[in-house]
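Have a look at the structure below before the remarks.
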Amino acid sequence: MRFILLFLPLLIGKVFCCKDGTHCNQLFNVRFPQISKSSKCNLRVVMLAPDLFPKELLKPTSERIFTNVECPRTCGCPKPVVVVKPETKLQEIYKNNTDFKQLITNLGNEGINVSTDGALERYDIFVKNKATVDAHNKNFTKKLTSYKMALNAYSVMKPDEIPPNNLEIDIAPTTLTKEQIESAKSLRSKRSINSINWMPRMRRILDQKTCGGCWAFAMNAAVEGFLNISNLTLDDSLSVQQLLDCDRKTNSDFKLNNKGCGGGYFQIAASYLRTTGVVGYDDYPFTLSSSGMCRTNLLPVAPRIKKFDSGFVVTNSSEQVEALNKMMEARLSKGPVAIGMAVVDEVYKYSEGIYEGPCGTSINHAVVLVGYTDEYWIIRNSWGLNWGENGYIRIKRERSTDPCQLTRYWSQPIEIGTWTDPVVVPGGVYIADEPSTDNSTQNKVDCDGCEKCDDCEDDDDDDDDEIDEYYANEFYGEGTKTSTKSTSTSTSTSTSTSTSTSTSASTSTSRPTTRATTRATTRAITKAAITAATTRRTTEKTLKVIEKATGLLEQLKKSAGKNKYRRF
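Residue 584 in this note's numbering sits at position 196 of the sequence shown, and the numbers go up by one each step.
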């Protein structure tokens with residue numbers, strides 16, 4: 389019976405004790421020293437009537453031991469449950485944490501629908517990340533680490549929303565030869581520079597979001613920088629979506645293929661860029677996915693890349709790692725390099741400074757190396773401007789080690805090729821230079837982007853005849869005769885034909901506006917000039933092409949408002 393009564397909740401004067409009284413600990417220590425305080429919650433509940441303790445009740449209150457203010461608490465005492473609506477709870481969180489509120493707002497602006505329950509779930513993720521960031525930044529303040537962390541969009545993202553690191557490296561690796569190692573040892577001594585920074589020559593930072601197409605973002609960025617360095621300035625970033633959608637064929641050399649947002653290879657992307665010019669980002673924008681439906685009727689804004697330097701080396705040798713570092717410095721003297729990187733969660737939280745944190749055990753992400761100093765590498769990422777140092781990260785250099793594996797997998801454009809063969813675009817025609825002379829079927833024109841491409845491999849010099857025939861048949865109707873003998877004849881034909889074909893043309897379900905047509909033709913003129921400078925065509929032929937394109941532009945302007953054009 390004594391055991392049952394050991395520090396049980398008491399009912400004295402029918403008052404149930406829900407918390408320890410003032411002298412409870414003293415009573416516990418004196419009467420039951422052999423029982424631990426934590427064990428009382430496991431004892432059976434027994435109610436004791438006050439008449440069992442008459443002597444205690446006769447004592448002054450200050451001297452009583454068993455009273456309603458001295459009794460031990462009961463663990464079974466019911467506590468009132470306060471029900472708070474999720475909406476109310478979330479508003480309270482927003483009120484006390486503006487950083488979290490702003491991050492959730494940003495997610496909504498990015499098109500991610502965040503419900504109340506979803507926001508509360510993300511708050512738990514946020515709290516954990518904030519604790520990590522705060523703890524790390526205390527060390528940064530104490531100068532115990534060289535980089536700072538920050539809360540960003542990834543701090544409130546669920547695991548399936550964070551960009552997957554899908555860089556593929558199923559390609560067989562190589563090792564450096566003794567000759568390559570010896571050659572690399574003398575590279576640094578031959579150069580007088582100790583740092584390079586191509587950041588000012590790079591285009592805008594893009595955000596791959598939840599698409600695992602880092603390989604495409606990295607390759608395009610490297611090409612953009614290289615073209616800029618080569619004095620071929622782009623008016624727009626290159627279309628990443630084109631690589632994601634169109635670079636899907638199995639490569640004959642590697643027996644592999646790129647998979648859009650599901651991952652890809654530098655070497656296979658390089659093969660695609662050697663045979664195909666890339667269109668502008670705004671013309672073929674990023675859609676957060678890769679449908680595999682390739683658009684072939686758009687105007688390229690960049691030429692093909694004739695030559696790439698690509699490789700994949702696996703080594704644990706400090707001598708080879710040091711050689712790879714020097715070889716990468718030599719590559720950077722020519723321009724940016726798309727590289728692989730072994731990423732871990734800490735990298736997502738990077739904010740500023742020189743990163744010296746942990747890295748992964750294998751390469752899983754693609755970035756662009758744009759510079760170096762003796763102390764760090766300068767790297768461009770594809771996680772948007774709000775990550776890192778405006779989209780960039782500096783990573784500490786190690787002479788004989790490479791923790792993040794930045795020098796082992798790479799691809800770099802090193803020679804500009806020719807422009808892609810003329811392709812049809814809505815409202816105009818793209819006039820380009822001769823196709824590449826390489827012995828490859830990949831240099832043939834892809835005719836999928838137009839309704840009429842009867843003679844894709846005709847590479848004669850009758851540019852004028854082809855243009856006149858095309859415009860006569862497609863813009864003014866089948867069977868219309870045109871002449872290239874004089875501008876007046878061409879203009880007359882355009883005017884007389886517009887009246888006869890306006891009725892049939894107006895039934896077309898999709899018609900480009902005159903403004904779009906004019907813009908496309910204007911761009912064709914610009915491309916003709918760039919082509920001439922790039923491929924060293926003769927001045928006479930270049931002027932002839934520009935003159936013809938200019939004549940077409942004037943012809944279109946005169947026909948504006950009178951003619952309805954067919955979209956194909």
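Built from N, CA and C at the ideal position, the CB exists for glycine as well.
- Residue environment analysis places V735 among the buried positions, since at least 16 neighbouring C-beta atoms fall within 10 angstroms of its C-beta.
- Within the same chain, S543, V544, M545 and K546 come within 8 angstroms of I513 by CB-CB distance, once the 5 residues on both sides are set aside.
- When the Cα atoms are used, H524 and K536 turn out to be separated by approximately 7 angstroms.
- The alpha-carbon separation between S788 and T761 amounts to approximately 16 angstroms.
- Counted as a single uninterrupted DSSP element, the alpha helix (DSSP H) harbouring P474 occupies residues P474 to N484.
- Contact between the region 669-688 and the region 718-731 is absent, with fewer than three C-beta pairs closer than 8 angstroms.
- DSSP places I513 in the uninterrupted alpha helix (DSSP H) bounded by T504 to T529.
- Per DSSP, M715 lies in no beta strand (DSSP E) segment; the continuous alpha helix (DSSP H) that holds it begins and ends at S706 to L720.
- Only buried fits E556, as 16 or more other CB atoms lie within 10 angstroms of its CB.
- A Cβ-Cβ separation of about 13 angstroms leaves D635 out of contact with M681 under the 8 angstroms criterion.
- The continuous beta strand (DSSP E) containing E740 extends over residues Y738 to Y743.
- Beta-bridge partners assigned by DSSP to P746: none are found.
- Within 10 angstroms of the beta-carbon of G601 lie 16 or more other beta-carbons, which makes it buried.
- Take A604, set aside five residues on each side of it, and the residues of its chain with a beta-carbon closer than 7 angstroms to its own are V628, L631, L632, G652 and A657, in chain order.
- The closest CA to that of E567, considering only G665, A711, N494 and F642, is found on A711.
- Cβ-Cβ distances below 8 angstroms link N608 to S625, L626, S627, V628, L631 and V666 in the same chain, with the five nearest sequence neighbours on each side left out; the list follows chain order.
- Under the three-state reduction of DSSP output, D697 falls in the strand class.
- Contact annotation, K784 with I727: C-beta distance approximately 16 angstroms; criterion of less than 8 angstroms not satisfied.
- Taking all protein chains in view, the Cβ of R592 is surrounded by fewer than 16 other Cβ atoms within 10 Å, so the residue is classified as exposed.
- Taking each of K477, Q800, I581 and N517 in turn and checking the Cα distance to D697, the smallest one comes out for Q800.
- Nearest neighbour of P746 by Cα position, chosen from R796, V731 and S706, turns out to be V731.
- Under DSSP, the beta-bridge partners assigned to M729 are H753.
- Linking L491 to A541 through their CA atoms gives a straight-line distance of about 6 angstroms.
- Looking only at I781, N774 and G650, the smallest Cα-Cα distance to E744 is reached by I781.
- Separation of N582 and G748 (C-alpha to C-alpha, rounded to the nearest whole angstrom) is 28 angstroms.
- Contact between I693 and I617 fails: their C-beta atoms lie close to 13 angstroms from each other, not under 8 angstroms.
- Here DSSP, grouped into helix, strand and coil, assigns Y760 to strand.
- For the region 584-655, the full-length alpha helix (DSSP H) segments reaching 4 residues or more read 602-617 and 628-634 along the chain.
- The closest CA to that of V756, considering only T563, G648, F614 and P561, is found on F614.
- Looking at the DSSP output, R782 shares a beta bridge with I742 and I766.
- Setting aside the 5 residues that flank it on each side, E549 is surrounded in the same chain by I500 and T598, each with a C-beta closer than 8 angstroms to its C-beta; the list follows chain order.
- Within its own chain, the residues whose Cβ lies closer than 7 angstroms to the Cβ of K695, once the five positions on either side in sequence are excluded, are I802 and E803, listed in chain order.
- Just measuring C-alpha positions, the residue of N485, K737 and V689 sitting nearest V611 is V689.
- Across the set F654, N517 and K647, the C-alpha of K647 shows the shortest separation from the C-alpha of S678.
- By DSSP's assignment, V667 forms a beta bridge with P688.
- The beta carbons of E475 and T504 sit closer together than 9 angstroms.
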